[in-house]
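Numbering (my numbering), first residue to last: 97 to 493.
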């Protein structure tokens with residue numbers, strides 16, 4: 097077993113970069129072709145719907161990294177203060193910059209529509225609200241974005257709100273989860289921690305099953321509510337704990353054939369559900385679908401980390417994935433606004449891929465957002481990260 101700090105595992109940057117590129121592919125192809133007429137591109141885009149499950153890989157990776165850091169410093173006197181200050185300086189600046197840009201654009205479009213300068217149609221896809229009015233509903237959505245509660249607003253409404261900020265549901269899930277995780281790691285005895293985390297993992301599919309039996313169930317709620325994502329996040333936390341136990345990690349390394357078998361089994365079940373048009377209102381289907389995704393991506397994660405000299409780990413060490421992994425946070429937050437704005441500026445309508453010029457603009461938007469995300473990382477995010485690193489965990493007295 098390696099004792100390398102998980103933050104220094106280059107494969108993790110590669111996994112993050114790979115996942116971010118898959119998210120961009122999902123939104124740039126699948127999302128904007130769902131309403132397109134039948135055709136070869138529509139057929140391909142439909143199958144890319146599978147890629148929506150990549151969020152489980154992000155949750156596993158995040159749980160692994162954050163839980164590992166917390167576990168290593170759990171006895172520090174300034175444990176909570178340093179963790180939350182570092183978290184705020186890493187996540188908040190770019191997030192609130194993107195929310196602020198959305199609000200300014202929203203107000204500008206509203207003013208243009210109100211004064212008759214424009215009908216606002218070009219921006220409607222990004223804003224996802226009647227652009228000629230501001231009302232209490234807009235205020236509630238904005239409050240949810242400011243408080244990292246948009247996943248609750250989305251679950252209640254049964255939709256994702258403004259496309260500009262639609263990817264931020266996952267940030268809300270993580271921030272809500274990490275409000276409680278430090279308490280868990282700080283106060284639960286280490287010998288009981290795995291059992292408690294295992295309870296969270298088991299609870300997620302049971303909660304999905306229970307929600308599906310209620311009149312409040314909808315596909316969006318099943319996807320974005322934090323307790324319903326405890327399995328993927330919990331698997332990440334559990335992996336961090338196992339990684340720090342030499343005997344447990346050695347056992348995982350010896351069982352790799354079983355992890356491959358579990359990937360095959362869960363992938364088969366996922367294919368069956370997806371090919372038969374999964375019902376988000378069937379309790380057993382929805383409960384097992386997301387759990388199977390979490391298991392499959394956890395096994396992938398284990399296979400990478402238990403054999404770092406293997407081809408699978410080498411795949412994630414590819415320099416392109418690693419480079420993108422460095423600025424994946426900015427890529428995740430910026431890719432939808434850049435896509436919508438590019439099509440609005442060039443064509444004056446929502447994005448689609450039905451003509452070659454449209455495809456060219458979409459490809460151009462992808463290149464532009466990669467450059468913007470890299471620029472954000474170097475010039476905007478890094479200074480805040482360096483500031484956060486100045487806060488250090490004290491050793492126990």
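C-beta: ideal position from N, C-alpha, C; glycine also.
Practice item. Kindly confirm or deny that the segment 177 to 190 and the segment 478 to 493 touch, where touching means at least three C-beta pairs closer than 8 angstroms. Key: Yes, since at least three Cβ pairs between the segment 177 to 190 and the segment 478 to 493 fall closer than 8 angstroms, the two stretches touch.
Practice item. Could you work out which residue in 171, 259, 339, 236 is closest to residue 249 when comparing CA atoms only? Key: Taking only the C-alpha atoms, the option nearest residue 249 is 236.
Review point. Grouping DSSP H, G and I as helix and E and B as strand, with all else coil, what is residue 45?
Key: With the chain covering 97 to 493 only, the question about residue 45 has no answer from this structure.
Review point. To the nearest angstrom, how far is it from the Cα of residue 476 to the Cα of residue 290?
Key: Their backbone Cα atoms lie some 38 angstroms apart in a straight line.
Point to revise | Nearest candidate by alpha-carbon position, reference residue 389, set 163, 324, 224, 288 | key: The candidate whose alpha carbon is nearest that of residue 389 is 324.
Check your understanding: Do you know how far the Cα of residue 409 is from the Cα of residue 401?
Key -> Residue 409 has its alpha-carbon roughly 7 angstroms from the corresponding atom of residue 401.
Practice item. Starting from residue 362, follow the alpha helix (DSSP H) in both directions and report where the run begins and ends. Key: Start and end: 352 to 371.
Check your understanding: Of all the options 285, 461, 223, which has the alpha carbon lying nearest to the alpha carbon of residue 262?
Key -> Nearest C-alpha to residue 262: 223.
Exercise for review: Evaluate residue 227 with the Cβ neighbour count: other Cβ atoms within 10 Å of its Cβ, from every protein chain shown; 16 or more gives buried, anything less gives exposed.
Suggested key: Any answer about residue 227 is weak, because its pLDDT of 49 lies below 50 and its placement is not dependable; what the coordinates show is given next. Buried, by the Cβ-count rule.
Point to revise | Under the three-state DSSP convention, the category residue 323 falls into | key: Residue state, collapsed to three classes: helix.
Check your understanding: Where residue 307 and residue 313 are concerned, what is the direct C-alpha to C-alpha distance, given to the nearest angstrom?
Key -> Spanning the two alpha carbons is a distance of roughly 6 angstroms.
Check your understanding: Mind checking residue 318: buried by the 16 CB within 10 Å criterion, or exposed?
Key -> The residue in question, residue 318, is buried, as its Cβ has 16 or more Cβ neighbours within 10 Å.
Review point. From 332, 272, 321, pick the residue whose C-alpha is nearest to that of residue 254; which is it?
Key: Ranking the options by Cα distance to residue 254, first place goes to 321.
Review point. Smallest Cα separation from residue 441: which of 217, 109, 380?
Key: Of 217, 109, 380, the smallest CA-CA separation from residue 441 is found for 217.
Review point. Can you name, in chain order, every residue of its own chain whose Cβ lies under 6 angstroms from the Cβ of residue 387, other than the five neighbours on each side?
Key: Excluding positions up to five away in sequence, the list reads 301, 327.
Point to revise | Residues near residue 330 by beta carbon distance below 8 angstroms, same chain, minus five either side | key: Hits under 8 angstroms: 159, 293, 294, 296, 297, 300.
Check your understanding: Secondary structure at residue 300, three-state DSSP: helix, strand or coil?
Key -> Three-state result, residue 300: helix.
Exercise for review: Please determine, among 443, 435, 488, the residue with the shortest C-alpha to C-alpha distance to residue 122.
Suggested key: The shortest CA-to-CA distance from residue 122 to any of 443, 435, 488 is the one to 435.
Check your understanding: What residue does the alpha helix (DSSP H) around residue 469 start on, and which one ends it?
Key -> Counted as a single uninterrupted DSSP element, the alpha helix (DSSP H) harbouring residue 469 occupies residues 452 to 472.
Point to revise | Member of 350, 466, 273 whose CA lies at the smallest distance from the CA of residue 333 | key: Check the Cα spacing between residue 333 and each of 350, 466, 273: the tightest is with 273.
Practice item. Within its chain, find whatever has a CB closer than 7 angstroms to the CB of residue 379; leave out the 5 residues flanking it on each side and keep chain order. Key: Cβ neighbours of residue 379 beyond the five flanking positions: 305, 308, 309.
Review point. Does the pairing of the segment 353 to 366 with the segment 404 to 424 give three or more beta-carbon distances under 8 angstroms?
Key: No: fewer than three Cβ pairs fall under 8 angstroms.
Check your understanding: Run through DSSP, which three-state label would residue 102 get?
Key -> Annotation note: pLDDT 45 at residue 102 (below 50); position unreliable, coordinate value reported separately. In the structure shown, residue 102 sits in a helix (DSSP, three-state: H, G or I).
Point to revise | Start and end residues, alpha helix (DSSP H) containing residue 170 | key: First-last for residue 170: undefined, no H or E at that position.
Point to revise | Environment of residue 433 [buried if 16+ CB atoms lie within 10 Å] | key: Residue burial is scored here from C-beta neighbours: residue 433 has at least 16 other C-beta atoms within 10 angstroms and is therefore classed as buried.
Check your understanding: How long is the line joining the alpha carbons of residue 467 and residue 427, rounded to whole angstroms?
Key -> Between the C-alpha atoms of residue 467 and residue 427 there is a straight-line separation of about 9 angstroms.
Point to revise | Residues of its chain near residue 256, where Cβ-Cβ distance is below 6 angstroms and the 5 sequence neighbours each way are ignored | key: Counting only residues of its own chain and dropping the five nearest sequence neighbours on each side, residue 256 has a CB closer than 6 angstroms to the CB of 250, 262.
Point to revise | Helix, strand or coil at residue 314 according to DSSP, with G and I counted as helix | key: DSSP places residue 314 outside both helix and strand once states are collapsed to three, so it counts as coil.
**Study point:** Residue-level contact to chain C via CB, residue 124, 8 angstroms cutoff
**Key:** Among the chains of the structure shown, chain C does not appear; only one protein chain is present.
Review point. Going by other Cβ atoms of all chains shown within 10 Å of its Cβ, with 16 needed for buried, is residue 155 buried or exposed?
Key: Residue 155 should be labelled buried.
Point to revise | C-alpha gap between residue 461 and residue 469, whole angstroms | key: Whole-angstrom Cα-Cα distance: 12 angstroms.
Practice item. Let me know if residue 445 comes out buried or exposed under the rule of 16 or more other beta-carbons within 10 Å of its beta-carbon. Key: Around the beta carbon of residue 445, a 10 Å sphere encloses fewer than 16 other beta carbons of the protein chains shown; the residue is thus reported as exposed.
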